[in-house]
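Structure first, then comments.
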Amino acid sequence: MKLFAKLALVSAVAISANAMAMEKMDDSALSATTGQDGISIGLGISAVSIDHLYVHDGDGLATDAKIPGTATTIIGGTGKAGSIDVQGVQLTANAASLLTSHNLADITIDTDAGGGKPFLNVVAAVSGLNIAIGKINVTDATADGTTGFYTAGSNSATILNGLNLTTGVTTANIQLGNTPQGAMIKLDGVMQGGLTISNISLHDASAAGGGDIVLGKIKLNDTGSADMALNADVAVTTGGLKVTALKSSSDMYIQSIKLGSDTAKSIGDVQISGLKVFNGAAGTTPGAVITITGH
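FYI, in mature numbering (1 follows the signal peptide of the UniProt record, and there is no 0) the residues of the sequence shown are -21 to -1, 1 to 274.
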């Protein structure tokens, strides 16, 4: 038995040593073949479903809230918590605009010394998507006395009856830490087929309203092209989230505008060609700058 145990031990050590040697050889061969280190991730997801997506506002609208830049008080503020409730979110791949891998997203991650300012670089390619939103409500909300977490209440009002978005393949480069590219997220590429927003229905839930503004379809693309250039920067500044977009000339077509309900007669279509947006004190810098902060 002792001899058998010794032989088993020697055999195990030998097998382990050979396995380690084989692993090193495979790693070396892989490095020589690709010439690259780093991490590549493929997200093999065909669909994503979310029942409710809540955005909670813990202090609501102040009772003495004013319209910015004026002394006019906004009517209705109670200073109590409320929530935005986005319902029935569905994400599926757009069969007309897929990545060659047929993944939902392909991600490549590298770290770089950055000449003394190191950073993490993430390249993300996202498949074309069909995004459906069932409804958007506003609700009251209550906070748990122990955790402080908010829960949406049962009192609600609908502000959007539904929305569908269709996108093409999208690419982005993300840098964390230092950002030698000038922004944390750099969208650079082309959204194949542009951006389509359809089945938009804005609801007036007030006692004096009850009707809808319905837009059959909004199509966005570059002037003179069926596609839309992705040329946007996203930066996190000390003043909030800063998004710079719409840097190129765009065309917009709004189809079938209905006032009252989705069964009302359309008042017609609206087409905008050569839309250009500028920012800055001189009004000459292309693009719109959107800053998002809390208050």
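Don't be surprised by glycine CBs; every beta carbon is placed ideally from N, CA and C.
Its Cα nearest to that of Gln250, the residue Ile236 stands out among Ala214, Ile236, Ser240 and Asp89.
Taking the Cβ atoms as the reference, Asn178 lies roughly 31 Å from Lys165, outside the contact range of under 8 Å. Listed in chain order, the non-local C-beta contacts of Leu78 below 7 Å within the same chain comprise Asp85, Ala104, Ser106 and Val148, local neighbours out to five positions each way being set aside. Taking C-beta separations shorter than 6 Å and ignoring five residues to either side along the sequence, the partners of Asn143 in its chain run Ala111, Ser177 and Asn178, following chain order.
Per the coordinates, the alpha-carbon of Ala44 lies some 43 Å from the alpha-carbon of Gly172.
DSSP places Ala92 in no beta strand (DSSP E); its state is neither H nor E. Burial state of Asp230 is buried, judged by a 10 Å Cβ sphere holding 16 or more other Cβ atoms. Secondary structure at Gln160: coil, using DSSP grouped into helix, strand and coil. In the structure shown, the three-state DSSP call for Thr202 is coil. From the listed residues Val65, Ile20 and Thr158, the smallest Cα separation to Ser135 is found for Val65.
Per DSSP, Thr146 is not a residue of any beta strand (DSSP E), being assigned neither H nor E.
Residue Gly37 holds the alpha-carbon nearest to the alpha-carbon of Thr130 among Ile20, Gly37 and Gly239. Judged by DSSP secondary structure, Gly239 falls within the beta strand (DSSP E) whose first and last residues are Ser229 to Gly239. Contact annotation: Val256 and Lys221 have beta-carbon atoms that are not nearer than 9 Å.
Sequence-distant Cβ neighbours of Thr158 in its own chain, meaning closer than 8 Å and more than five residues away, are Phe98 and Ala214. Membership of Gly21 in the beta strand (DSSP E) is indicated by the continuous run Ile18 to Leu22. Nearest C-alpha to Gly132 among Ala120, Gly141 and Leu139: Ala120. For Asn73, the three-state secondary structure derived from DSSP is coil. Taking C-beta atoms as the reference points, Thr146 and Ser76 count as a pair closer than 9 Å. Checking the DSSP bridge columns, you'll see Ser25 has no partner listed. Of Asp183, Asp16, Thr264 and Gly124, the smallest CA-CA separation from Ser227 is found for Thr264. Residue pairing by DSSP places Asn258 opposite Thr264 in a beta bridge. When the five nearest sequence neighbours on each side are left out, the beta carbons in the same chain lying within less than 6 Å of the beta carbon of Ile20 are those of Ile86, in order along the chain. Across the structure, Asp91 and Thr51 are spaced so that their CA atoms are roughly 52 Å apart.
Per DSSP, reduced to three states, the secondary structure at Asp123 is coil, with no helix or strand assignment. Beta-bridge analysis with DSSP links Phe128 to no other residue.
Thr223 and Gly266 have their C-alpha atoms roughly 6 Å apart. Ranked by Cα distance from Thr217, the options Gly273, Asp167, Ala184 and Asn200 are led by Gly273.
Around the beta carbon of Ala60, 16 or more other beta carbons sit within 10 angstroms, so the residue counts as buried.
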